[in-house]
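One structure is given below, encoded as structure tokens.
Numbering (this note's numbering), first residue to last: 52 to 346.
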């Protein structure tokens with residue numbers, strides 16, 4: 052289903068079946084944007100298609116979108132992925148690691164790229180960043196896609212809280228985090244999972260990055276939760292039924308979709324990274340959603 056062309060960009064063919072098998076190689080040259088307090092690392096597929104900005108979750112790298120990105124590019128989009136504050140090639144030390152602050156970084160990057168309205172993809176805590184960005188500058192954001200979103204404070208059992216405290220207390224803290232990260236893919240792990248796991252471990256061993264992660268984990272999401280009822284941006288909520296971060300992931304998706312008056316997509320068997328674990332299930336629905344909003 053082709054969409055209408057947007058001002059200043061080319062028309063995009065939105066038939067998802069055309070883009071699932073073709074995988075054109077994409078170079079990943081790191082670029083940097085200086086903002087107040089540090090620099091943001093990102094990569095850019097280029098082109099004159101509509102802009103999709105993808106934001107990874109805390110403790111992860113922008114390579115999180117490596118399987119989804121070529122599908123979106125083959126569909127005609129300009130895809131930009133960024134490393135969030137504290138991780139990847141973005142500066143490690145900041146005075147503010149909140150979802151709100153990362154949302155401001157996303158807006159600064161969109162403005163810098165001068166590519167018109169953007170679609171923002173946000174995973175986990177970065178779903179809140181997508182909502183904040185759209186709330187602050189609705190003229191710059193056409194819609195958001197929330198992947199495994201954590202946008203409110205979740206209740207933790209005493210056992211889970213104790214395990215978290217012990218896990219971050221000693222020299223095993225990096226191993227603890229990547230072991231937990233690996234558990235978020237309960238159905239199937241990508242072929243390059245081990246390489247990505249090693250890259251995350253090496254990144255977290257750099258000065259300041261583990262401290263950033265501990266700070267982020269301790270932040271309340273009450274401000275983002277309060278924003279939900281005021282959000283007016285078109286949204287798609289994507290959740291895996293086996294997401295270990297939720298006692299009932301489907302119920303969480305339904306709650307959030309209802310609050311946002313949003314669409315929802317439930318991926319049976321997927322965990323916290325449905326777009327990485329099952330990109331062939333997520334990408335077609337994501338493309339159709341974007342086409343409907345932009346068209």
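Here a beta-carbon is modelled for each residue, glycine too, at the ideal position from N, C-alpha and C.
(request) Rounded to whole angstroms, what's the CA-CA distance from residue 80 to residue 260? Just pull it up for me. (result) For the purposes of this step, residue 80 is identified with residue 29 of the chain shown, where counting begins at 1. For the purposes of this step, residue 260 is identified with residue 209 of the chain shown, where counting begins at 1. Annotation: residue 80 to residue 260 spans about 22 Å, alpha carbon to alpha carbon.
(request) Kindly identify the DSSP beta-bridge partner or partners of residue 36. (result) Limits of the chain in this structure are 52 at one end and 346 at the other, which puts residue 36 out of reach.
(message) Could you pull the DSSP bridge partners for residue 93 from this structure?
(response) Translated into positions along the chain shown, residue 93 becomes position 42. According to DSSP, residue 93 bridges with 82, 133.
(message) So within the region 169 to 210, which uninterrupted alpha helix (DSSP H) runs reach at least 4 residues, ignoring any that extend past its ends?
(response) Complete alpha helix (DSSP H) runs here, min 4: 177 to 187.
(message) Under DSSP, the beta strand (DSSP E) around residue 290 begins and ends at which residues?
(response) Counting from one through the chain shown, the residue named residue 290 turns up at place 239. Here the beta strand (DSSP E) through residue 290 covers 286 to 291.
(request) Determine the DSSP secondary structure at residue 270, reduced to helix, strand or coil. (result) The residue labelled residue 270 in the question sits at position 219 within the chain shown. Under the three-state reduction of DSSP, residue 270 is assigned to coil, being neither helix nor strand.
(request) Flag this pair as yes or no: are the beta carbons of residue 104 and residue 161 separated by less than 9 Å? (result) Position 53 of the chain shown, counting from 1, holds the residue named residue 104. Position 110 of the chain shown, counting from 1, holds the residue named residue 161. Contact: yes.
(request) With a floor of 4 residues, list each alpha helix (DSSP H) that falls wholly inside the region 225 to 283, ordered by position along the chain. (result) Annotation note: the region 225 to 283 contains the following uninterrupted alpha helix (DSSP H) runs of length 4 or greater, listed N- to C-terminal: 244 to 255, 260 to 269, 273 to 279.
(request) Taking 8 Å as the threshold, find out whether the region 318 to 334 comes into contact with the region 212 to 223 through three or more Cβ pairs. (result) Segment contact: the region 318 to 334 against the region 212 to 223, fewer than three CB-CB distances shorter than 8 Å; contact not assigned.
(request) For the beta strand (DSSP E) containing residue 102, list its first residue and its last residue. (result) On the chain shown, position 51 is the one that residue 102 refers to. Residue 102 -> beta strand (DSSP E) spans 102 to 106.
(message) For a quick check, are the C-beta atoms of residue 177 and residue 192 less than 9 Å apart?
(response) Position 126 of the chain shown, counting from 1, holds the residue named residue 177. Position 141 of the chain shown, counting from 1, holds the residue named residue 192. Contact flag unset, no.
(message) Could you check whether residue 195 and residue 272 sit closer than 9 Å to each other, using their CB atoms as the reference points?
(response) Counting from one through the chain shown, the residue named residue 272 turns up at place 221. Counting from one through the chain shown, the residue named residue 195 turns up at place 144. Contact: no.
(request) Look at the alpha carbon of residue 293 and the alpha carbon of residue 316, and state the distance between them as a whole number of angstroms. (result) By one-based count along the chain shown, residue 293 stands at place 242. By one-based count along the chain shown, residue 316 stands at place 265. Their backbone Cα atoms lie some 14 Å apart in a straight line.
(message) For residue 313 and residue 214, what's the separation of their Cα atoms in angstroms?
(response) Counting from one through the chain shown, the residue named residue 313 turns up at place 262. Counting from one through the chain shown, the residue named residue 214 turns up at place 163. Taking the Cα positions, residue 313 is about 35 Å away from residue 214.
(request) Taking residue 143 and residue 258 to be in contact with their CB atoms under 8 Å, please state how far apart those CB atoms are, rounded to whole angstroms. (result) Numbered from its first residue, the chain shown carries residue 143 at position 92. Numbered from its first residue, the chain shown carries residue 258 at position 207. At roughly 7 Å, the Cβ-Cβ gap stays under 8 Å, so residue 143 and residue 258 are in contact.
(request) Compute the Euclidean distance between the alpha carbons of residue 149 and residue 331, then round it to the nearest angstrom. (result) Taking the chain shown and counting its residues from 1, the one referred to as residue 149 is at position 98. Taking the chain shown and counting its residues from 1, the one referred to as residue 331 is at position 280. Answer to the nearest angstrom: the Cα atoms are 31 Å apart.
(message) Measuring only the C-alpha atoms, how far is residue 124 from residue 217?
(response) For the purposes of this step, residue 124 is identified with residue 73 of the chain shown, where counting begins at 1. For the purposes of this step, residue 217 is identified with residue 166 of the chain shown, where counting begins at 1. One C-alpha to the other measures close to 42 Å.
(message) Just to confirm my understanding: we take residue 184, look at its own chain, exclude 5 residues before and 5 after, and list those with CB closer than 7 Å. What are they?
(response) For the purposes of this step, residue 184 is taken as the residue at position 133 of the chain shown. Only 154, 157, 158, 171, 192 meet the Cβ criterion.
(request) Can you have a look at residue 309 and say buried or exposed, based on whether 16 or more other CB atoms are within 10 angstroms of its CB? (result) Within the chain shown, numbered from 1, the residue matching residue 309 stands at position 258. By the Cβ neighbour-count rule, residue 309 is exposed, with fewer than 16 other Cβ atoms within 10 Å of its own.
(message) Taking 8 Å as the limit between beta carbons, can you name the residues of its chain near residue 189, skipping five residues before and five after?
(response) Within the chain shown, residue 189 is the residue found at index 138, counting from 1. Taking residue 189 as the centre and dropping the five residues before and after it, the same chain places the C-beta of 283, 284 closer than 8 Å to its C-beta, in chain order.
(message) Among 85, 240, 102, 229, whose alpha-carbon lies nearest the alpha-carbon of residue 118?
(response) The residue given as residue 118 occupies position 67 in the chain shown. Nearest to residue 118 by alpha-carbon distance, out of 85, 240, 102, 229, is 240.
(request) Note down the Cα distance separating residue 95 from residue 164, rounded to an integer number of angstroms. (result) For this step, residue 95 is matched to residue 44 along the chain shown. For this step, residue 164 is matched to residue 113 along the chain shown. The alpha-carbon atoms of residue 95 and residue 164 are separated by roughly 10 Å.
(message) Going by DSSP, what residue range makes up the beta strand (DSSP E) through residue 316?
(response) The sequence position of residue 316 within the chain shown is 265, counting from 1. Counting along the chain, the beta strand (DSSP E) containing residue 316 begins and ends at 314 to 318.
(request) Note down, one range per segment and in chain order, each alpha helix (DSSP H) of at least 4 residues found wholly within the region 141 to 165. (result) You should have 150 to 164.
(request) Please state whether DSSP places residue 218 in a helix, a strand or coil. (result) Taking the first residue of the chain shown as 1, we reach residue 218 at position 167. Residue 218: helix per DSSP, three-state reduction.
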